[in-house]
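When we follow numbering that gives the first Met the number 0, the leftmost residue of the sequence shown carries the number 0, and every step to the right adds one.
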Amino acid sequence: MGSGNFFSVVLKNIDVLAGPVITLAYPLYASIKAIETKSRADDQQWLTYWVIYSLITLFELTFTKLLEWFPIWPYAKLIAICWLVLPYFNGATYVYEHFIRPFYKDPQIKIWYVPRKKDIFSKPDDILTAAEKYIEENGPEAFERLISRADREARARRTNYAVFDDDYGY
0 MGSGNFFSVV
10 LKNIDVLAGP
20 VITLAYPLYA
30 SIKAIETKSR
40 ADDQQWLTYW
50 VIYSLITLFE
60 LTFTKLLEWF
70 PIWPYAKLIA
80 ICWLVLPYFN
90 GATYVYEHFI
100 RPFYKDPQIK
110 IWYVPRKKDI
120 FSKPDDILTA
130 AEKYIEENGP
140 EAFERLISRA
150 DREARARRTN
160 YAVFDDDYGY
């Protein structure tokens, strides 16, 4: 009577009991083991697993209230994680190669805008380049006014006096 009760509790909470072992403990052990080997395949498998696990965790954190309505979610997640983790299936590599990598290599939607230089031998973006660009757009007189105003403001900060802009039309 008592052992039947115990097994029913274990079966009802298998996701809580096995989840941390399958999702964290074994992958952590396998990742450390992969770092110590020279094989690139196991490194890719476990690095890919951690990327996918992070995506699943972000999904869960974002849609927690919605997932509470699906009592099967913890079990579905456990089965999916088993598929990702077990070396027999190589699920993490499959998901990466068929879903994540194509999206990353040829994104349909540009999420981040990173300006790219047209010529790798062009001038670096530094203060001199910015000054040259400002002179090109506004002329040398505007640049001299900018420098003199910055100089006046710096002197005023040292002496604690107010600075008035000479260029301002009253």
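Quick reminder that beta carbons are idealized off the backbone N, C-alpha and C, glycines included.
Computed from a predicted model, the values in this text were never measured in an experiment.
With a threshold of 16 other beta carbon atoms within 10 Å, V15 falls short and is exposed. Distance from the Cα of H97 is smallest, within the candidate group S38, W68 and T47, for T47.
Distances from the alpha-carbon of L145 to those of A155, S30 and A130 put A130 closest.
F88 and S30 have their C-alpha atoms spaced approximately 17 Å apart. Restricted to the stretch 40-104, the alpha helix (DSSP H) segments that are unbroken, complete and at least 4 residues in length are 63-66, 72-84, 90-94 and 100-104, listed in chain order. The three-state secondary structure of N4, taken from DSSP, is helix. In the three-state scheme derived from DSSP, where H, G and I count as helix and E and B as strand, T128 is classed as helix.
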